[in-house]
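Enquirer:
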Amino acid sequence: MRSHDPHEDPPAKRRPEPYRGPPVTLGHMRALGCRHLLIYCSNGLCHHSAIIEADHWPDQTAIRDLCPKAVCTRCGMIGADVRPDWSPHVVA
Ligand SMILES: [Zn+2]
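Per my numbering: the sequence shown = residues -2 to 89.
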C-alpha cells in the first residue's frame, strides 16, 4: 500500500499571462475610439467595478501599468484589473 504524503506541495502558482504581445497603451486605445477604462477590483470578495476617463494619462501609458496603481474606492484594495472599456462600441 502506497503511503500518501500529506505535506505534498501544491502545484506552483503561476501568474496568468493571457497576453504576451506588446503592452496596450492608452494611445492605442484612443486610436480605436475608446476613451474610458474599466477597472475591476481584484479583491475576490468585492467585485467593485468602475469606469474612469483615461484623458489625463499620456498616450504612452501602458494600461497594464495602471493596474498596480488602482485603488478600490469601496474596499481600499490596491491593485485592480484595468482594461479598455469597449462597451459603448459594442452593438447590442
Ligand atoms: Zn474592492
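Idealized CB from N, CA, C, for every residue including glycine. Predicted model only: the values in this text are computed from it and were never measured.
(1) For GLY76 and ILE48, what's the separation of their Cα atoms in angstroms?
(2) Mark CYS72 as exposed unless 16 or more other C-beta atoms lie within 10 angstroms of its C-beta, in which case mark it buried.
(3) Nearest-angstrom Cα distance between LYS10 and GLU50?
(4) Which residue's Cα is closest to the Cα of ASP82: TRP54, LEU23, ASP62 and THR70?
(5) Give the DSSP-derived three-state secondary structure of HIS25 in the structure shown.
(6) Just the C-alpha distance for TYR37 and LYS66, rounded to the nearest angstrom, thanks.
(7) In chain order, what residues of the same chain have a beta carbon less than 7 Å from the beta carbon of ASP52, not counting five sequence neighbours either side?
(8) Looking only at its chain, what residues have a beta carbon closer than 8 Å to the beta carbon of VAL21, apart from the 5 residues adjacent to it on each side?
(9) Spatial neighbours of SER39 within its chain, please: C-beta separation below 6 Å, excluding the five flanking residues on both sides.
Expert: According to the data block:
(1) As a position in the sequence shown, residue 76 is number 79, starting the count at 1. As a position in the sequence shown, residue 48 is number 51, starting the count at 1. Each residue's alpha carbon lies about 15 Å from the other.
(2) As a first step, residue 72 must be located in the sequence shown, where it is residue number 75. Answer is exposed; the Cβ neighbour count stays below 16.
(3) One-based indexing of the sequence shown puts residue 10 at position 13. One-based indexing of the sequence shown puts residue 50 at position 53. Whole-angstrom Cα-Cα distance: 34 Å.
(4) Here residue 82 is taken as the residue at index 85 of the sequence shown, counted from 1. Checked all of TRP54, LEU23, ASP62 and THR70; the closest Cα to ASP82 is LEU23.
(5) Within the sequence shown, numbered from 1, the residue matching residue 25 stands at position 28. Helix.
(6) Working through the sequence shown from its first residue, we reach residue 37 at position 40. Working through the sequence shown from its first residue, we reach residue 66 at position 69. Going from the Cα of TYR37 to the Cα of LYS66 covers about 12 Å.
(7) The residue you call residue 52 lines up with position 55 of the sequence shown. Contacts found: ARG32.
(8) Start at 1 with the first residue of the sequence shown, and residue 21 comes out as number 24. Cβ neighbours of VAL21 beyond the five flanking positions: ALA59, ILE60, ARG61 and PRO81.
(9) Locating residue 39 in the sequence shown gives position 42, counting from the first residue. Contacts found: GLY76, ALA77 and ASP78.
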